[in-house]
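The block underneath contains the structure these notes are about, expressed in structure tokens.
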Amino acid sequence: MTSEPSPTPSPALTEAEHTAFLQSIARVRSAAARALQAARSTALQRAAATGAEAHKTIEAAAQAAVGFITQLHRGLDSVADHARTTGPRPACQTGCSHCCHLRVEATEPEVFHIAQHLQAQPPAALADTISALLRHTTTAALDPANPARQACSFLVDDRCSIYPVRPAACRKAHSLSATHCADQSTTIPQNLRLLVDAEALMAGTALAYRDQPLPASAHELNAAVLAALADPTALHRWHQGDPEALGQDAHAPSTQPHS
Numbered sequence: 015m016t017s018e019p020s021p022t023p024s025p026a027l028t029e030a031e032h033t034a035f036l037q038s039i040a041r042v043r044s045a046a047a048r049a050l051q052a053a054r055s056t057a058l059q060r061a062a063a064t065g066a067e068a069h070k071t072i073e074a075a076a077q078a079a080v081g082f083i084t085q086l087h088r089g090l091d092s093v094a095d096h097a098r099t100t101g102p103r104p105a106c107q108t109g110c111s112h113c114c115h116l117r118v119e120a121t122e123p124e125v126f127h128i129a130q131h132l133q134a135q136p137p138a139a140l141a142d143t144i145s146a147l148l149r150h151t152t153t154a155a156l157d158p159a160n161p162a163r164q165a166c167s168f169l170v171d172d173r174c175s176i177y178p179v180r181p182a183a184c185r186k187a188h189s190l191s192a193t194h195c196a197d198q199s200t201t202i203p204q205n206l207r208l209l210v211d212a213e214a215l216m217a218g219t220a221l222a223y224r225d226q227p228l229p230a231s232a233h234e235l236n237a238a239v240l241a242a243l244a245d246p247t248a249l250h251r252w253h254q255g256d257p258e259a260l261g262q263d264a265h266a267p268s269t270q271p272h273s
């Protein structure tokens, strides 16, 4: 999901297809809400069984909520793999990084998942990442109404340095024409089936988090990860339901497929 002109798959959804899309979101929401609640409950029970202190018990539940986002990511990877074998072959390949120069958004659990991945790195590597994030956010703040098409902070040598934990927006991103991407076309040909299935998973999972209730809104990736790394209380505040734990730029993910 980016602030750039939305890719326009063709043909657009029919009324029946849109109804089916909304039904898919509802199914994902229901199943994900049950699984997320179960994951948090299990974490609480295990922590209590070990005699953990109250703050440790709460932290265990928060970590379980963050870790649950990998279920969405695995689902998206499965959708993308299926699309590659049954539909038109994407033009995307290793070293192609046109879409890594667009605004990318991620939800709170994705941001904390990435932040924890980065915090496990050696101190020097983490310091370099924080410096890159600061440069990115400083540049973006110079003219927020006309953000530059600057490279994502995690793009290193035209490759994603956080590929295993990249957000859903990146996992669903694809193009059927590298030429269109290179030309910065406002219309990028894409696989409609992949888009619909991916966005149903993303929207349904976001709603499942909010049913807990846990904030799951879209934030600009670089600024949000920097906020998560800079504020050790952010995870706890998010788990307590604070919608501004990562800042005030959030907006609810749309339940409309790009069309």
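Quick note, the sequence shown lines up with residues 15 to 273 if you use the numbering used here. Ideal Cβ positions, reconstructed from N, Cα and C, are used throughout, including at glycine.
In the displayed model, LEU169 falls within a strand according to three-state DSSP.
Inter-segment contact for the stretch 165-173 and the stretch 241-255 is absent: fewer than three beta-carbon pairs are separated by less than 8 Å. A distance below 7 Å between beta-carbons, with the five flanking residues on each side excluded, links ALA105 to the following residues of its chain, in chain order: SER189, LEU190, SER191 and ALA192. Between the stretch 61-68 and the stretch 106-114, the count of C-beta pairs closer than 8 Å stays below three; the two stretches do not touch. ALA74 carries a helical assignment under DSSP once its states are collapsed to helix, strand and coil. DSSP, reduced to helix, strand and coil, places GLU234 within a strand of the structure shown.
ALA76 places its beta carbon 8 Å or farther from that of ARG60. DSSP lists LEU169 as the beta-bridge partner residues of CYS174. Checking the DSSP bridge columns, you'll see ALA120 partnered with HIS233. Within the DSSP secondary-structure output, HIS127 pairs in no beta bridge. When DSSP states are grouped into helix, strand and coil, HIS188 belongs to the coil group. A Cβ-Cβ separation of about 16 Å leaves ALA120 out of contact with ALA222 under the 8 Å criterion. For THR151, the closest alpha carbon among the candidates THR28, ALA139, ALA238 and SER55 is that of ALA238.
Contact fails between the stretch 47-60 and the stretch 86-99, because fewer than three Cβ pairs, one in each stretch, are under 8 Å apart.
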